[in-house]
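Right, one structure below, let's go through it.
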Amino acid sequence: AFALGEKHFSARDAAGYDVDRALYWFEKAAAHGSSDLPYLYHELARISFLKGDFAKALTQIDLQIAMQGDKTPNSYYVRALIEGYMGLYDASIADYQTYLKSDPHNWAAINDYAWVFLKAERAADAARATDDGLQYFPGNPWLLNTSAIALYETGDLPRARVRAREALVAAQKITEEEWLTAYPGNDPRVAREGIDAFVEAARTNMHTIILDAASDALQ
Numbered sequence: 022a023f024a025l026g027e028k029h030f031s032a033r034d035a036a037g038y039d040v041d042r043a044l045y046w047f048e049k050a051a052a053h054g055s056s057d058l059p060y061l062y063h064e065l066a067r068i069s070f071l072k073g074d075f076a077k078a079l080t081q082i083d084l085q086i087a088m089q090g091d092k093t094p095n096s097y098y099v100r101a102l103i104e105g106y107m108g109l110y111d112a113s114i115a116d117y118q119t120y121l122k123s124d125p126h127n128w129a130a131i132n133d134y135a136w137v138f139l140k141a142e143r144a145a146d147a148a149r150a151t152d153d154g155l156q157y158f159p160g161n162p163w164l165l166n167t168s169a170i171a172l173y174e175t176g177d178l179p180r181a182r183v184r185a186r187e188a189l190v191a192a193q194k195i196t197e198e199e200w201l202t203a204y205p206g207n208d209p210r211v212a213r214e215g216i217d218a219f220v221e222a223a224r225t226n227m228h229t230i231i232l233d234a235a236s237d238a239l240q
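One rule links them: number in the working numbering = place in the sequence shown (from 1) + 21.
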């Protein structure tokens with residue numbers, strides 16, 4: 022049952038991807054006991070998160086961590102993401118820090134960590150986090166875009182402008198394969214829509230930052 026759930030929850034299988042069928046099989050697995058399935062409640066939490074039921078997702082990931090602890094470090098990443106969307110920023114930051122101890126060079130986690138700092142109105146911390154990530158992934162469009170926003174929020178318009186331009190150029194080169202790697206639980210059939218939306222967001226950020234930088238220069 023768990024294997025069938027994984028099959029229908031894979032972004033690598035556009036034909037088989039079906040969140041509702043994945044949920045059905047994961048729940049079947051849970052009904053038969055889960056002592057030998059270390060990621061079962063992790064996967065259930067991811068599905069609840071994708072469905073927008075953050076309270077249920079948090080309950081499930083809390084159970085996952087209570088059962089497995091540090092044996093499934095990715096669960097701290099999932100909990101941090103859920104907490105970030107719930108506005109529980111301090112808890113989210115702490116869980117990202119826990120996860121990053123196990124995987125310090127995960128660019129997606131670094132980017133999401135910086136995103137929570139931005140939501141918590143801690144732009145300087147977000148800028149530092151993205152600067153650290155860009156040392157290892159200098160052309161990463163997600164890190165570049167978040168960095169541009171963070172630098173803009175701190176008032177560093179010259180650097181923000183450079184990063185925003187770099188982010189747009191890099192975003193326009195994202196392939197569907199790269200997108201699916203970045204969002205492994207999302208529907209692969211809408212990967213192109215996701216890329217287009219990200220490119221448009223990067224373009225909007227760049228225009229906003231350039232206009233503000235020009236206005237600042239005229240004053």
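Glycine included, C-beta positions come from ideal geometry on N, C-alpha and C.
Taken through DSSP and simplified to helix, strand or coil, E142 comes out as coil.
Counted as a single uninterrupted DSSP element, the alpha helix (DSSP H) harbouring D41 occupies residues V40 to A52. Secondary structure note for S113: its alpha helix (DSSP H) is the uninterrupted segment Y110 to S123.
Nearest to F30 by C-alpha distance, out of A24, Y38 and F70, is Y38.
Considering only K140, Q156, S123 and N226, the residue with the shortest C-alpha distance to R182 is N226.
Within the model, the alpha-carbon separation for S96 versus A112 is close to 14 Å. Here DSSP, grouped into helix, strand and coil, assigns Q193 to coil. Where N95 is concerned, the enclosing alpha helix (DSSP H) starts and stops at N95 to Y106. When rounded, the separation of the alpha-carbon atoms in A192 and V211 is 16 Å. One alpha carbon belongs to L172, the other to G215, and they sit about 24 Å apart. According to the DSSP assignment, S69 belongs to the alpha helix (DSSP H) that extends over L61 to L71.
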